[in-house]
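The block underneath contains the structure these notes are about, expressed in structure tokens.
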Amino acid sequence: DSGVTQTPKHLITATGQRVTLRCSPRSGDLSVYWYQQSLDQGLQFLIQYYNGEERAKGNILERFSAQQFPDLHSELNLSSLELGDSALYFCASSLSSGPGNTIYFGEGSWLTVV
Amino acid sequence: EDQVTQSPEALRLQEGESSSLNCSYTVSGLRGLFWYRQDPGKGPEFLFTLYSAGEEKEKERLKATLTKKESFLHITAPKPEDSATYLCAVQADAGNMLTFGGGTRLMVKP
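Just so you know, the sequences run in chain order Y and X. Just so we're on the same page, the working numbering is the position in the first sequence counted from 1, plus 60. Just so we're on the same page, the working numbering is the position in the second sequence counted from 1, plus 257.
Structure (structure tokens):
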């Protein structure tokens, strides 16, 4: 158990809908990362937050957004969902935002868009 | 652009048959090279971080090494429970996020 908690574990929704994925980082970790894993793309970095502020952005679609709250939990919002958004979404956390910090992953949220 | 290539894509071993997994990388200033293990439908589990060429780290049957262009994950006398996908990732000067390779799917048969 990495200590990173993600909910829900599984989610099935229809095209055009909006969903919110939630993440609680490990106790004491200030930095949160979101990754997408699909069969054909591997693990792709989406976005990073540190202590409530956005720190880095990867190939995140405009339909997707995220935030980190004062209690350090984070949410990833996916809207106008398409079939191609079906994937495993991982949250990860680390102690700080500096390079070299170990990044621990949660168990992921399976999103299926039908 | 940072790039990570892992080979082979899949590897079948008999129990006890030692082998190595390769991770080649191109990065603008390496801050850390990470190895993770991932079981089907689960999140990546942290194994090692290597920071500089020549560094080695060991954990049970696994040993990771690093050069300026690649890293190897050596598995000695593997057991069926070592079957998983092994992921390599780099962290560069430019940012804190990890850039992952495609992984090596390891299958160890009894």
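A virtual CB, placed ideally from N, CA and C, is assigned to each residue, including glycine. Note that the structure is a prediction, hence the values are computed from the model and not measured.
Is it buried or exposed, residue i, if we count other Cβ atoms within 10 angstroms and call 16 or more buried?
i                     : result
residue 96 (chain Y)  : buried
residue 138 (chain Y) : buried
residue 99 (chain Y)  : exposed
residue 101 (chain Y) : exposed
residue 354 (chain X) : buried
residue 169 (chain Y) : buried
residue 305 (chain X) : buried
residue 150 (chain Y) : buried
residue 108 (chain Y) : buried
residue 158 (chain Y) : exposed
residue 271 (chain X) : exposed
On the three-state DSSP scale, how would you describe residue i?
i                     : result
residue 121 (chain Y) : coil
residue 144 (chain Y) : helix
residue 113 (chain Y) : strand
residue 338 (chain X) : helix
residue 62 (chain Y)  : coil
Residue i to residue j, Cα distance in whole Å?
i                     : j                     : result
residue 116 (chain Y) : residue 346 (chain X) : 17 Å
residue 349 (chain X) : residue 290 (chain X) : 9 Å
residue 77 (chain Y)  : residue 124 (chain Y) : 12 Å
residue 294 (chain X) : residue 93 (chain Y)  : 18 Å
residue 265 (chain X) : residue 275 (chain X) : 15 Å
residue 114 (chain Y) : residue 261 (chain X) : 25 Å
residue 316 (chain X) : residue 273 (chain X) : 17 Å
residue 364 (chain X) : residue 279 (chain X) : 16 Å
residue 64 (chain Y)  : residue 164 (chain Y) : 7 Å
residue 269 (chain X) : residue 357 (chain X) : 22 Å
Between which two residues does the beta strand (DSSP E) holding residue i run?
i                     : result
residue 343 (chain X) : 341 to 349
residue 320 (chain X) : 319 to 323
residue 332 (chain X) : 327 to 332
residue 260 (chain X) : 260 to 264
residue 92 (chain Y)  : 91 to 98
residue 299 (chain X) : Premise fails: residue 299 (chain X) is in no beta strand (DSSP E) and is neither H nor E.
residue 364 (chain X) : 361 to 366
residue 271 (chain X) : 267 to 271
residue 72 (chain Y)  : 70 to 73
residue 82 (chain Y)  : 79 to 84
residue 167 (chain Y) : It is not in any beta strand (DSSP E) - residue 167 (chain Y) carries neither H nor E in the DSSP assignment.
Could you tell me which chain C residues have their CB closer than 8 Å to the CB of residue i, listed as they occur along the chain?
i                     : result
residue 306 (chain X) : Absent from the structure is chain C; the protein chains it does hold are Y and X.
Could you check whether the Cβ of residue i sits closer than 8 Å to any Cβ belonging to chain Y?
i                     : result
residue 352 (chain X) : yes
residue 355 (chain X) : yes
residue 316 (chain X) : no
residue 301 (chain X) : yes
Between residue i and chain X, is any beta-carbon pair separated by less than 8 Å?
i                     : result
residue 127 (chain Y) : no
residue 150 (chain Y) : yes
residue 86 (chain Y)  : no
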